[in-house]
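One structure is given here, and the rest of the page talks about it.
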Amino acid sequence: MLLLAIDSATPVAGVAILNEEKVLYEEFCNYRKTHSETLLPMIDRALKVCACSLHDIDVIGITAGPGSFTGLRIGMAAVKGLSLATGKPIVAVSTLDMLAANVLPCEDILAVPLLDARKNEVYSAVYTFRYGTMQKVVEEKAWGIEELALKIREKKESLFKKYVVILGDGYYPYAAYWQEVLEESLLLPPEHLMYPRSAAMGKIALAKAERGDFADVFTLTPVYLRLSEAEYRLGRGEL
Amino acid sequence: MPKEIRILGIETSCDETAASIVKNGKEIMSNVVNSQIRVHQQFGGVVPEVASRKHIQNIVMVVHTAFAEAGMSYDDIDAVAVTNRPGLIGALLVGVSFAKSFAYALNKPLIAVNHLYGHIYANFLEHDNIEFPLVCLVVSGGHTSLLFMQDIENYEVIGETLDDAAGEAFDKVARFLGLGYPGGPAVERAAEKGVKGRYQLPRVFLDRDDFDFSFSGLKTAAMNLWTKMERRGEANVYDMAAEFQAALVEVLAVKTARAAEKYKARSILLAGGVAANSELRRAAQIEADRLGIKLYYPSLKLCTDNAAMIAGSAYHKFINGQFASLDLNAYATMSML
Ligand SMILES: [Zn+2]
Chain L
1 MLLLAIDSAT PVAGVAILNE EKVLYEEFCN YRKTHSETLL PMIDRALKVC ACSLHDIDVI
61 GITAGPGSFT GLRIGMAAVK GLSLATGKPI VAVSTLDMLA ANVLPCEDIL AVPLLDARKN
121 EVYSAVYTFR YGTMQKVVEE KAWGIEELAL KIREKKESLF KKYVVILGDG YYPYAAYWQE
181 VLEESLLLPP EHLMYPRSAA MGKIALAKAE RGDFADVFTL TPVYLRLSEA EYRLGRGEL
Chain V
1 MPKEIRILGI ETSCDETAAS IVKNGKEIMS NVVNSQIRVH QQFGGVVPEV ASRKHIQNIV
61 MVVHTAFAEA GMSYDDIDAV AVTNRPGLIG ALLVGVSFAK SFAYALNKPL IAVNHLYGHI
121 YANFLEHDNI EFPLVCLVVS GGHTSLLFMQ DIENYEVIGE TLDDAAGEAF DKVARFLGLG
181 YPGGPAVERA AEKGVKGRYQ LPRVFLDRDD FDFSFSGLKT AAMNLWTKME RRGEANVYDM
241 AAEFQAALVE VLAVKTARAA EKYKARSILL AGGVAANSEL RRAAQIEADR LGIKLYYPSL
301 KLCTDNAAMI AGSAYHKFIN GQFASLDLNA YATMSML
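Protein chains in written order, with UniProt numbering: chain L, 1 to 239; chain V, 1 to 337.
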């Protein structure tokens, strides 16, 4: 199964082509240029380098969210266009799952991807690994930093984990805080694994496609994990 | 030209998700518009993030329906045209990103269309033999611009609003007066029951000899006057609506006519959502008759945002081979028509 993975959920844009055996191509861009300009040329390059066309692709993988609202929509709109035109199925993968997949799957760690959600919050979830399989033990949402720290401590104790591996750009604004609360249990991956990687997403997408877990091109929408500002205010009766 | 040219147009610059297929820049084969008005009504105006979310949710169904209604399969089109400016940036990006990859996957050329030019072109979809040169007033919730057109491909902006768009002023005043959203039709309905001139509002910029507009001051004047009248217990919402509409329409119609005179235009065109306003149509007709030139405006369905105007206006770019590349971006602002 040949899969084209497309990610523009965060400041990173990534495109990969892979199958069950290996990653054939991966392009990663964390340079300040808008995804709307870079993404399609990246897709075009990936296909050209792998000497294939869209028709050779079996499945398209896309980051479902959370992340930057606009970034998510740029990637998803692009994937919808490709899928509608070619009839190729789509698999959507959580940005947090994708980040957690950067971690070496050891049984004595918790993996905690953090995406900066501003307003003193991070989009996060908590993962463990068992026999090499990733398991989400705390659900995705926009967490207050301290609330999340408590949750991590609770899981670390109840599941008898030794280390907490933190990933993602949500780490940096609160680095001092995490160092203080997690002390020696804090582990950070090398910098190149701190970011979402389209190849990692592609691997998860392949597994989902194997299980027949496809998204509907008509109804697929990003997982924002947050209402828009205006909807919040409406809910609070301020409008 | 070897054959009939069929272009898919995609429009997501504000709060309508739209797709249309137009043949040879003239014949509308389908024109699908998914309006978000009801969604934004609760906020009293278009919320950009909410609009973007609706676009990504609806775009595929809207495009698919445009093909179904035209009785065509995806591969039958000759090009994909998309609005890439001006508009709400997040909203534009959905249409642009979709259009680029759809065109790429079908191996068809991509054409970038300026939304304002699309509005103007709505007139050419419905009227034959429009005489050049002409001036066109594009008025909607997002824009108020006067353009001079030497011919179908050459146009320049000769004036525009320095603050609020005319439709935006309608929305804000309608909301202030409790008339509802969208403001244009709401004010128009209320104005029918009132009399203009009972209140006095300024004709802003009518004394200037350029072609720019300003509606923010008019809006504030209307609000202040209303508050004063309410305090006195003399407030009549219908008379206020009538005077506000008259003040806004008079400036639009008179300045458009002045531009037509100065540029020796042979036609006046109205375009955009506010061109649906019957008071504006009436006032512009009087001015055109006085100048002895023709007035054109699109039918109501083509005044508001739609994709037929985008697909139609892309025809000339197709003929001229003016195609966009894979790195096409979206821009919130007008510039570079
Ligand atoms: Zn418009």
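C-beta atoms are modelled at their ideal positions from N, C-alpha and C, and glycine is treated no differently.
Exposure label - residue i; buried when at least 16 CB within 10 Å
i       : result
H192(L) : exposed
E20(L)  : exposed
Q200(V) : exposed
V195(V) : exposed
M336(V) : Note on M336(V): pLDDT 46, under 50, position unreliable in the model; no value is reported.
P196(L) : buried
D116(L) : buried
L92(V)  : buried
T12(V)  : buried
P202(V) : exposed
M76(L)  : buried
V12(L)  : buried
Residue i: first and last residue of the uninterrupted alpha helix (DSSP H) it sits in
i       : result
V39(V)  : I37 to Q41
N84(V)  : Not the alpha helix (DSSP H): N84(V) falls in the beta strand (DSSP E), residues A79 to R85.
D289(V) : S278 to L291
Y238(V) : V237 to K262
M309(V) : A308 to N320
T86(L)  : F69 to T86
K228(V) : S216 to R232
Q179(L) : A175 to L182
K203(L) : S198 to E210
S94(L)  : Looking at the DSSP string, S94(L) is not in any alpha helix (DSSP H); the run it does join, the beta strand (DSSP E), is I90 to S94.
Under 7 Å from the C-beta of residue i: neighbouring residues of chain L
i       : result
A105(V) : L54, G81, L82, A85 and T86
I7(V)   : Going along chain L, no residue has its Cβ under 7 Å from I7(V), so there is no contact; the nearest lies around 15 Å.
V33(V)  : Under the 7 Å cutoff, chain L gives no residues; its nearest Cβ is about 18 Å from V33(V).
H94(V)  : In the sequence under discussion, the amino acid at residue 94(V) is Val, which differs from the His named in the question. Simply R73 and A77.
Neighbourhood of residue i by C-beta distance below 6 Å, restricted to the same chain and skipping five residues each side
i       : result
I17(L)  : L4, L24, Y25, A46 and C50
G202(L) : L3, A5, A16, L18 and G61
M334(V) : P86
C52(L)  : none
L182(L) : V164
Boundaries of the beta strand (DSSP E) in which residue i is found, first to last residue
i              : result
residue 310(L) : No statement about residue 310(L) is possible, as the shown extent of chain L runs from 1 to 239 and does not include it.
G159(V)        : N154 to E160
A271(V)        : S267 to A271
A111(L)        : I109 to D116
K161(L)        : No beta strand (DSSP E) contains K161(L), which DSSP labels as neither H nor E.
I57(L)         : Run containing I57(L): none; DSSP gives neither H nor E here.
Y297(V)        : It is not in any beta strand (DSSP E) - Y297(V) carries neither H nor E in the DSSP assignment.
M72(V)         : No beta strand (DSSP E) contains M72(V), which DSSP labels as neither H nor E.
R130(L)        : E121 to R130
F124(V)        : No beta strand (DSSP E) holds F124(V); the alpha helix (DSSP H) holding it covers H115 to E126.
G194(V)        : Premise fails: G194(V) is in no beta strand (DSSP E) and is neither H nor E.
L24(L)         : V23 to C29
Own chain residues within Cβ distance below 7 Å of residue i, not counting five before or after
i       : result
D163(V) : S214, F215 and S216
Y296(V) : N123, H127, I130, S267 and L269
A174(V) : G180, Y181, G183, A186 and V187
E168(V) : G141
R91(L)  : In the sequence on display, residue 91(L) carries Val and not Arg. Within the same chain, V91(L) has close Cβ partners V59, G61, A205, K208, A209, D213, F214 and A215.
L328(V) : N84, V96, K100, L110 and A112
E171(V) : For clarity, residue 171(V) is Asp in the given sequence; the question names Glu instead. If we look at D171(V) and ignore the five residues flanking it on each side, its Cβ neighbours are G45, G141, Y181, P182 and G183.
A308(V) : G9, S20, V22, I28, N31, L125 and L302
A288(V) : I268, K294 and L295
Closer than 9 Å at the beta carbon, the chain V residues around residue i
i      : result
F69(L) : E49, S52, R53 and G90
D44(L) : Y104 and L326
Close-in-space but distant-in-sequence residues of the same chain around residue i (CB under 8 Å, 5 per side omitted)
i              : result
L159(L)        : L110, T128 and V137
I158(V)        : V135, L146, L147, F148, F211, A259 and Y263
residue 340(V) : Outside the displayed span of chain V (1 to 337) sits residue 340(V), for which this structure offers no information.
E184(L)        : none
Cross-chain neighbours of residue i in chain L, by beta carbon under 9 Å
i       : result
I56(V)  : L72, R73, M76, A77, K80, L220, T221 and P222
L270(V) : Going along chain L, no residue has its Cβ under 9 Å from L270(V), so there is no contact; the nearest lies around 32 Å.
Partner residues on chain V for residue i, Cβ-Cβ distance less than 7 Å
i      : result
E37(L) : D327 and N329
T34(L) : N329
Partner residues on chain V for residue i, Cβ-Cβ distance less than 8 Å
i       : result
S228(L) : V47, E49, V50 and R53
P41(L)  : L326 and D327
Chain-ordered neighbours of residue i on chain L, where CB pairs are closer than 8 Å
i      : result
I59(V) : A77 and K80
H64(V) : L84 and F218
A99(V) : G81
Interface residues of the stretch 73–87 of chain V facing chain L [CB-CB below 8 Å]: Close to chain L, meaning a Cβ-Cβ distance shorter than 8 Å, are the following residues of the stretch 73–87 of chain V: Y74.
Counting only Cβ-Cβ distances shorter than 8 Å, please list the residues of the stretch 262–291 of chain V near chain L, keeping chain order. Per Cβ criterion, the list is empty.
For the stretch 120–154 of chain V, which residues have a CB atom closer than 8 Å to at least one CB atom of chain L, in sequence order? So nothing in the stretch comes that close.
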